[in-house]
Amino acid sequence: MLTTSKTVSDVIHAHFGGLTPAERRLAESLLENYPVSGLGSITTVAENAGVSTPTVARMVQKLGYKGYPEFQAHLHHELEASISNPIAKHDRWASNAPGTHVLNRFAEAVMNNMRQTLSELDAATFDEAAKLLGDKKRSIYFVGGRITGALAEYFFTHMQVIRPKTTLMSSNASSWPQHVLNMSAGDVLVIFDIRRYEADMATLAAVAKTAGVQIILFTDQWTSPVVKHALHSFKVQIEAPSAWDSSVVTLFVVEALIEAVQSSAWDETRERMNTLEGLFEQARLFRKLR
Numbered sequence: 001m002l003t004t005s006k007t008v009s010d011v012i013h014a015h016f017g018g019l020t021p022a023e024r025r026l027a028e029s030l031l032e033n034y035p036v037s038g039l040g041s042i043t044t045v046a047e048n049a050g051v052s053t054p055t056v057a058r059m060v061q062k063l064g065y066k067g068y069p070e071f072q073a074h075l076h077h078e079l080e081a082s083i084s085n086p087i088a089k090h091d092r093w094a095s096n097a098p099g100t101h102v103l104n105r106f107a108e109a110v111m112n113n114m115r116q117t118l119s120e121l122d123a124a125t126f127d128e129a130a131k132l133l134g135d136k137k138r139s140i141y142f143v144g145g146r147i148t149g150a151l152a153e154y155f156f157t158h159m160q161v162i163r164p165k166t167t168l169m170s171s172n173a174s175s176w177p178q179h180v181l182n183m184s185a186g187d188v189l190v191i192f193d194i195r196r197y198e199a200d201m202a203t204l205a206a207v208a209k210t211a212g213v214q215i216i217l218f219t220d221q222w223t224s225p226v227v228k229h230a231l232h233s234f235k236v237q238i239e240a241p242s243a244w245d246s247s248v249v250t251l252f253v254v255e256a257l258i259e260a261v262q263s264s265a266w267d268e269t270r271e272r273m274n275t276l277e278g279l280f281e282q283a284r285l286f287r288k289l290r
């Protein structure tokens, strides 16, 4: 059953994991220049995606529409609403830039990613992950890939202030065996792995899980192979009008977890932070205001 609060884009994202390879190519084609890419005839849409016309017909029914005309009617309605609504026309994210400016296109994509991710994020999963990360009897390891390694480092940098027994693993897989050697049953491994999933990540997850390590995974809507080894998974929307995927919503979830963990034992966190500030003072790390 379709709801009027969801856009066609939302519906496609929600069903993406259950689509066939050909249907996924079609979905990606539709989302590439959304919603205009879906306004042509069923034959044109199929040709643009490199799939057959029956594939288009099957996918729109799988999405919950009665047929292609209803699917396209929803797209027309969205486009009409965005054009005719004076508030939508006035309240651009960057008011001094055209609606088609990269700032506005990026803002719209990020807000859609945030809305979709939050609608599907399970609060119980979030709370359980925060509880694991806050358990000081466990050692916590963080690792990411070529791009997501920066997110792993950001998470680690904050968590090492909040609690002891935290380790940042290099994105270089050759260094992982030494870390796995130090892992004990019940420890936590936080993995960041988004599309173009790195094969070594699944291997690391499998080995760590065999050792009794609890895995928390940050991935995208299409889901890393690591998911089958993970105790908790955060599937975050990452698409943006760019050659690069967006990390904005992933960082949002990370920062929310940081706050949840530090607030759960604030007295201890504050004491560690005060001690750290004293060390910064001794090292003269930061400039003083005169």
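For the sequence shown, position 60 matches number 60 in UniProt numbering, and the numbering has no gaps at all.
Here a beta-carbon is modelled for each residue, glycine too, at the ideal position from N, C-alpha and C.
Open item on the list: Let me make sure I understand the geometry here. Which of K137, V180, E268, N112 has the alpha-carbon closest to that of V236?
Closed with: By one-based count along the sequence shown, residue 236 stands at place 236. For V236, the nearest C-alpha among the options comes from N112.
Open item on the list: Ignoring anything shorter than 4 residues, give me the alpha helix (DSSP H) runs that lie fully in the stretch 115–164, in order along the chain.
Closed with: 123–134, 149–162
- [ ] May I ask you to list the residues that DSSP assigns as paired with V190?
- [x] Locating residue 190 in the sequence shown gives position 190, where the first residue counts as 1. Bridge partners of V190: F142, I216.
- [ ] Just the C-alpha distance for residue 310 and M114, rounded to the nearest angstrom, thanks.
- [x] Residue 310 cannot be examined here, being either before or after the span of the chain that is shown, 1 to 290.
Task: Cβ-based neighbour list, S119, same chain, cut-off 6 Å, excluding 5 preceding and 5 following - done: The residue labelled residue 119 in the question sits at position 119 within the sequence shown. Excluding positions up to five away in sequence, the list is empty.
- [ ] Label G17 either buried or exposed according to how many other C-beta atoms from any shown protein chain fall within 10 Å of its C-beta, with 16 as the threshold for buried.
- [x] By 1-based counting over the sequence shown, the position of residue 17 is 17. That one is exposed.
Open item on the list: Tell me the DSSP secondary structure of H232 in three-state form.
Closed with: Residue mapping note: residue 232 aligns to position 232 of the sequence shown, counting from 1. Here H232 sits in strand by DSSP.
- [ ] Pull up the DSSP beta-bridge partners for T166, would you.
- [x] Position 166 of the sequence shown, counted from the start, is the residue given in the question as residue 166. The partner list for T166 (beta bridge, DSSP) reads I140.
Task: Cβ-based burial, T43 [other Cβ within 10 Å; buried from 16] - done: As a position in the sequence shown, residue 43 is number 43, starting the count at 1. T43 is exposed by the Cβ-count criterion.
Open item on the list: Excluding the 5 residues flanking G186 on each side, which residues of the same chain have their C-beta closer than 6 Å to its C-beta?
Closed with: In the sequence shown, counting from the first residue as 1, residue 186 sits at position 186. Same-chain partners within the cutoff: R138.
- [ ] Classify E23 as buried or exposed, calling it buried when 16 or more other Cβ atoms lie within 10 Å of its own Cβ.
- [x] Working through the sequence shown from its first residue, we reach residue 23 at position 23. The residue in question, E23, is buried, as its Cβ has 16 or more Cβ neighbours within 10 Å.
Open item on the list: Do A208 and L189 count as a contact pair if the criterion is CB distance below 7 Å?
Closed with: Counted from its first residue, the sequence shown places residue 189 at position 189. Counted from its first residue, the sequence shown places residue 208 at position 208. Yes, they are a contact pair.
TODO: Within its chain, find whatever has a CB closer than 6 Å to the CB of G278; leave out the 5 residues flanking it on each side and keep chain order.
DONE: Position 278 of the sequence shown holds residue 278. So the list is empty, once near-sequence residues are dropped.
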